[in-house]
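Scroll down for the structure; my scribbles are underneath it.
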Amino acid sequence: MKRPDTSISERERRREDRVAARFPLEYFFIHASEQRHTKQFRRGHTHNVSPHGVFFEADVVDPSIIPLAMQGEIQIAVRVTAPDLRTIEGTTRLAWAEPVKADGKHRFFVGVEYLDVSEGDAKYLYDAACDQADR
């Protein structure tokens, strides 16, 4: 089976879909077999939002979970609060991670892709980000 074209123009298109937005966010890393309600969320904020996921900065207690998350063995539960206080939550997969070098802690910039966020909720959050950017 032929892989889909991921030419530079396709990557550029995805990059253009991202909108800078600072929304409150709660998250935690979960093993695929664990239940969401058994964990305590950490707090942060989004840096940007796309129709397919969000970019934020994550505190990581054990950096060895990053490769496991990249392999899909660990997912990230997220709750994002839009400006009207509507909360969008769901499970995401780690698409990429880059260490934050400035503070010497286990902090990473992460990009996550929605796994079970409805198309309507994803569009709602993206539209809220676009509205915020227009101000």
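According to the numbering used here, the sequence shown is numbered sequentially starting from 1087.
All C-beta atoms, glycine included, are put in the ideal place defined by N, C-alpha and C.
Computed from a prediction, not measured in an experiment: that's the story for all the values here.
Could you work out which residue in H1133, D1213 and E1159 is closest to R1179 when comparing CA atoms only?
E1159
- Message: On the DSSP letters alone, give me the boundaries of the alpha helix (DSSP H) that D1103 sits inside.
- Response: Where D1103 is concerned, there is no enclosing alpha helix (DSSP H), given that its DSSP letter is neither H nor E.
- Task: Taking only the alpha-carbon atoms, compute the straight-line gap between W1182 and T1167 and give it to the nearest angstrom.
- Result: 22 Å
Subject >> Exposed unless 16 or more other CB atoms sit within 10 angstroms - verdict on T1132 >> reply: buried
**Prompt:** Which one of R1104, D1103 and R1108 has the shortest CA to CA distance from P1169?
**Reply:** R1108
Could you pull the DSSP bridge partners for G1130 from this structure? L1111
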